[in-house]
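Undergrad:
Numbering (my numbering), first residue to last: 462 to 554.
#1: Note down the Cα distance separating residue 463 from residue 495, rounded to an integer number of angstroms.
#2: Taking only three categories from DSSP, how would you classify residue 554?
#3: Identify whether residue 546 lies in helix, strand or coil by the three-state DSSP scheme.
#4: Hey, which unbroken runs of the beta strand (DSSP E) at 3 residues or more fall wholly within the stretch 489-544?
#5: For residue 548, I'd like the list of residues in its chain whose CB is within less than 6 Å of its CB, leaving aside the five on either flank, ordered along the chain.
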């Protein structure tokens, strides 16, 4: 009877040791995953910051382009008025 109890205890102890090793392995895996996740989060933050900078630069470029287009519209309108005036003076209209 005692031998059976000792055998059962040894089996339980063996299972506990195996489970302990498995838990250690899982802990290492989780630690590696956490470390990898932190790296990815840092990279994502960098990408967000760069994206915001790029967006700001593009916004400034668009403002410059809008101003240029307005100036071109005004110049074009002024040129059309001058052309019409010259055409009237020459009697072409």
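Glycine is no exception: its CB is placed at the ideal position from the N, C-alpha and C atoms.
TA: This is what the structure gives:
#1: Translated into the one-based positions of the chain shown, residue 463 becomes position 2. Translated into the one-based positions of the chain shown, residue 495 becomes position 34. The straight-line gap from Cα to Cα measures roughly 47 Å.
#2: Position 93 of the chain shown holds residue 554. DSSP, reduced to helix, strand and coil, places residue 554 outside both helices and strands of the structure shown, so it counts as coil.
#3: Counting from 1 along the chain shown, the entry for residue 546 is found at position 85. Helix.
#4: none
#5: Residue numbering aside, residue 548 sits at position 87 when the chain shown is read from its first letter. Only 554 meet the Cβ criterion.
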